[in-house]
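Visitor: Numbering (the working numbering), first residue to last: 59 to 455. A virtual CB, placed ideally from N, CA and C, is assigned to each residue, including glycine. Okay, handing you the structure first.
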Ligand code: SIN
Ligand code: CO
C-alpha cells in the first residue's frame, strides 16, 4: 500500500531550480492550486532597481503608482494615486507607509529581464511586474488578489501571513478603499529574506508587512480575463464582422396564438441567428432575448412614479374602479417558463402566471376587478411602481 505524503508548503530553491522543483512539477502540484514559499529561489539575489529609482518613476506622468500610509493609532489608511510629487515623499512618516509602482518591467530593462525566469508560463498570461518599497510596518493590508502572483523579496525583510483555508471569509472592510479583508486569520506566517519568493494562487488571503528596515518586494503578476470580459469581447468581435443585412427573419411565421408570446419557433430562430447560442439552454436564451427585444430600439423609457405605491393602496384604487393603462413606451413580451411564465417589459423580467402574462400583453388597459390573487397584485404593483402601468382613477360624475 502506498501512502501519499502531503505536499510541502515550503521548499528550497537553487540557481538551477528557482522553483525548488521542475516547472512541470510546480505546475502540476502548486500552480493555481496551493501557495508555495521558496526559500532562496534566487540565491544571492541583487535588486534590479534601487528604491530612489522607483520613487523617481512614481513621479512620471504616465506611471501607475500609489502611496499608502497607515495611521495605526486611528486605524486609517490614506491612499494617494500617482503621479506623485517630491512633496508627497517629503511628507511621509518614519514608518507604516509603502509605495507601489505597476508595470515597472515596461520602464526598466533590468526589471524586465527578471521575466526570463518565468518563461515556463505563456508570456500572454503575464500581466506586469509591480514593485513596492516600504518603510517598517508598511503594506497594503490583508487582501486577496484575483490572479496568481510571485512575490519576490528584493531588499530587506517582509513578514508574510497567508491563509490557505478554503473557507476563509472574503468580505471587504467598507471603510477602506483598498479592498482590505474585514477578517483575516493567518494559517501560515514567514519572514522573507532577499531572494525568497512566495507564490500565491488567486483568492488566497495574504498580508505582507515590511519588517525591521527598508523593504522592497517584486510582484510578478499574472492576468486572467473574467468570463464576462471574454464573452463581452467575443460578442463585440462577432458583431463587428456580421453584415447589417443579416437579421432576425421569420419567413415561416404562423399566426400568433397569444399576443406577445416568444414561442418555441421564435426561440429556435433566435438560436439560429446568434452564433454562440448553440451552447445556451432555452431558459438563458429566452431570458436574454425577452429582455433584449423589449428594450431594442426604444427611444424612451417609462419613468417610475416619484412615490411608490403600497400593495394596499393599489388594491384600494382597483377596488374603487381604477384601471391600469399601459404606458405608451412600455414594450412587452412573454414566454413560458419552467414554472408559469416570464413577462418581459423594457428589458426587465417579471415572474408571472402564463395566463396573466398573456393578458397583460394583450390588453392595453386592464380593469382587474373582482378578488385579485396575491401573486397578481404583486405583479401589477411591480409594473405600476416601475412605471410600465399607470393607474387611472375612475371619472367622478
Ligand atoms: C506589496 O508588495 O506590498 C503588496 C503585494 C501584494 O500583496 O500583492
Ligand atoms: Co496581494
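1) With C-beta atoms as the reference, is residue 149 less than 9 Å away from residue 116?
2) Heavy atom of the ligand CO less than 8 Å from the Cβ of residue 258, yes or no?
3) Give the straight-line distance between the Cα atoms of residue 248 and residue 218, rounded to the nearest whole angstrom.
4) When burial is assigned at 16 or more other CB atoms within 10 Å of the CB, is residue 155 buried or exposed?
5) Would you kindly report the start and end of the unbroken alpha helix (DSSP H) that includes residue 81?
6) Have a look at residue 241 and residue 92 and give me their C-alpha separation to the nearest angstrom.
7) Residue 338 to residue 314, Cα distance in whole Å?
8) If contacts are defined as beta-carbon pairs under 8 Å, then residue 252 and residue 212 qualify, I think. What distance do you get, rounded to the angstrom?
9) Is residue 153 helix, strand or coil when you go by DSSP?
10) According to the Cβ coordinates, are residue 256 and residue 142 closer than 9 Å?
11) What three-state label does DSSP hand residue 57 in the structure shown?
12) Should residue 198 be counted as a contact of the ligand GTP given a C-beta to heavy atom distance under 8 Å?
13) Is the number of C-beta pairs between the segment 359-369 and the segment 329-336 that are closer than 8 Å three or more?
14) Is it buried or exposed for residue 181, if we count other Cβ within 10 angstroms and need 16 for buried?
15) Helix, strand or coil for residue 183, going by three-state DSSP, please let me know.
16) Three or more beta-carbon pairs under 8 Å between the segment 388-401 and the segment 348-365, yes or no?
17) Just checking residue 241 against the ligand CO - is the residue's beta carbon closer than 8 Å to any of the ligand's heavy atoms?
18) Quick check on residue 57: does DSSP put it in helix, strand or coil?
19) So the candidates are 189, 226 and 112; which of them puts its Cα closest to the Cα of residue 200?
20) Rounded to a whole number of angstroms, what is the C-alpha to C-alpha distance between residue 407 and residue 447?
21) Could you work out which residue in 238, 195, 275 and 214 is closest to residue 202 when comparing CA atoms only?
22) For residue 246, I'd like the list of residues in its chain whose CB is within less than 6 Å of its CB, leaving aside the five on either flank, ordered along the chain.
23) Any heavy atom of the ligand CO closer than 8 Å to the Cβ of residue 221?
24) Between residue 278 and residue 172, which are expected to be in contact by the criterion C-beta below 8 Å, what is the C-beta distance as a whole number of angstroms?
25) Shorter than 8 Å, the distance from the beta carbon of residue 529 to the closest heavy atom of the ligand SIN, or not?
26) Excluding the five sequence neighbours on either side, which residues of its own chain have a C-beta within less than 7 Å of the C-beta of residue 387, listed in chain order?
27) With a threshold of 7 Å on Cβ separation, who are the neighbours of residue 98 within its own chain once the five nearest residues in sequence on each side are excluded?
Guide: Let me spell this out:
1) no
2) yes
3) 5 Å
4) buried
5) 81-87
6) 21 Å
7) 25 Å
8) 6 Å
9) coil
10) no
11) The requested residue 57 is not part of the displayed model; the chain covers only 59 to 455.
12) In the structure shown, the ligand GTP is absent; the only ligands present are the ligand SIN and the ligand CO.
13) no
14) exposed
15) helix
16) yes
17) no
18) One cannot answer for residue 57 here, as it falls past the ends of the chain, which runs 59 to 455.
19) 226
20) 15 Å
21) 238
22) 220
23) no
24) 7 Å
25) Nothing can be reported for residue 529: it is not among the residues displayed for the chain, which extend from 59 to 455.
26) 356, 358, 359 and 360
27) 70, 71, 253 and 254
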